[in-house]
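Residue numbering for the sequence shown follows my numbering, starting at 41 and increasing by one per position.
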Amino acid sequence: MNGQNRKDIYPGLEVDIILKKDQRSGALTRGIVKNLLTSAAYHSRGIKVRLEDGQIGRVAFIVDEE
Numbered sequence: 041m042n043g044q045n046r047k048d049i050y051p052g053l054e055v056d057i058i059l060k061k062d063q064r065s066g067a068l069t070r071g072i073v074k075n076l077l078t079s080a081a082y083h084s085r086g087i088k089v090r091l092e093d094g095q096i097g098r099v100a101f102i103v104d105e106e
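This is how it looks when you write it as C-alpha cells:
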C-alpha cells in the first residue's frame, strides 16, 4: 500500500520512507512511525512522517502486517 493518504498512516505503523537525501536514488529506509508531519489528507509524493529513531521522510510504502 502506498503512503499518499493520511488516514492510512498512524503512530506505531511500520513503513518504508524516502529520506530527502535519498530522493534521487530512491533508497528506502524502514522504521516505525512516531508522528505525522503532513496535515493534509492526501499528498501526491507521500505523507511526511518522523520515525521513532528521529529520521524524517515521505512514506513510500506501508509494510503489510501479515
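Backbone N, C-alpha and C define an ideal beta-carbon position, used for all residues, glycine too.
Three-state class that DSSP yields for Asp93 in the structure shown
coil
Original post:
Bridge partners of Gly71, per DSSP?
Top reply: Val55
Practice item. Report yes if the C-beta distance between Val73 and Leu53 is below 8 Å; otherwise report no. Key: yes
query = Around the C-beta of Ala100, are 16 or more other C-beta atoms found within 10 angstroms, so that it is buried, or is it exposed?
reply = buried
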